[in-house]
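Residue numbers (the working numbering): 1478 to 1610.
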């Protein structure tokens, strides 16, 4: 049976309505592709707690408030991921790639020009639908 990873994913907008994305390291699963920041949920965490911890660890932001956007289960050949996707509505701090990953604030219309893991495509479609770009 395939491993299923539970992942908390953050959609973080800045004041210019750009969304924060990060580039995965080449050696990682789906390497060199862009993604929305987030990470694996630990056994003792709620999805929101995982979101807060991962965003602080990865990009140095403190998440104060977020609302669930959607949940996606995606089956890759080698593993299955369950994404809990959140719209972050309150945060503080300055975004930096704390794990050496490049970060970019990207307009929603420009997301389609980036290469994302297949599991993220549904998120992009939902965002472009919600924000009617």
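Virtual Cβ for every residue (Gly too), placed ideally from N, Cα, C.
task = Taking the CB atoms as reference points, tell me whether residue 1563 and residue 1487 lie closer together than 7 Å.
result = Closer than 7 Å, so yes.
query = For residue 1596, which option in 1566, 1559, 1571, 1479 has the closest C-alpha, if you only look at C-alpha atoms?
reply = Out of 1566, 1559, 1571, 1479, the CA that lies nearest to the CA of residue 1596 is found in 1559.
request  = Any chance you could list the alpha helix (DSSP H) runs of at least 4 consecutive residues sitting entirely within the region 1493 to 1567, in chain order?
outcome  = DSSP runs (the alpha helix (DSSP H)) wholly in the region 1493 to 1567: 1524 to 1536.
Among 1521, 1585, 1551, 1496, the one whose alpha carbon lies nearest that of residue 1561 = Taking residue 1561 as reference, the option from 1521, 1585, 1551, 1496 with the minimal CA-CA separation is 1551.
ask   = Taking residue 1545 as the reference, which of 1566, 1574, 1581, 1537 has the closest Cα?
value = Closest in C-alpha terms to residue 1545, from the list 1566, 1574, 1581, 1537, comes 1566.
Spatially closest choice to residue 1513 from 1602, 1589, 1593, by CA coordinates = Residue 1593 is the option with its Cα nearest to residue 1513.
message = Between the alpha carbons of residue 1602 and residue 1485, how many angstroms are there, rounded?
response = Taking the Cα positions, residue 1602 is about 18 Å away from residue 1485.
ask   = According to the Cβ coordinates, are residue 1537 and residue 1573 closer than 7 Å?
value = Taking a C-beta distance under 7 Å as the contact criterion, residue 1537 and residue 1573 qualify as a contact pair.
message = Please report the distance separating the alpha-carbon of residue 1528 from that of residue 1482.
response = When only Cα atoms are considered, residue 1528 and residue 1482 end up about 14 Å apart.
query = Exposed or buried, what is residue 1576 when buried is set at 16 or more other beta-carbons lying within 10 Å of its beta-carbon?
reply = Residue 1576 should be labelled exposed.
ask   = Are the Cβ atoms of residue 1585 and residue 1604 separated by less than 7 Å?
value = Using a Cβ distance threshold of 7 Å, residue 1585 and residue 1604 count as a contacting pair.
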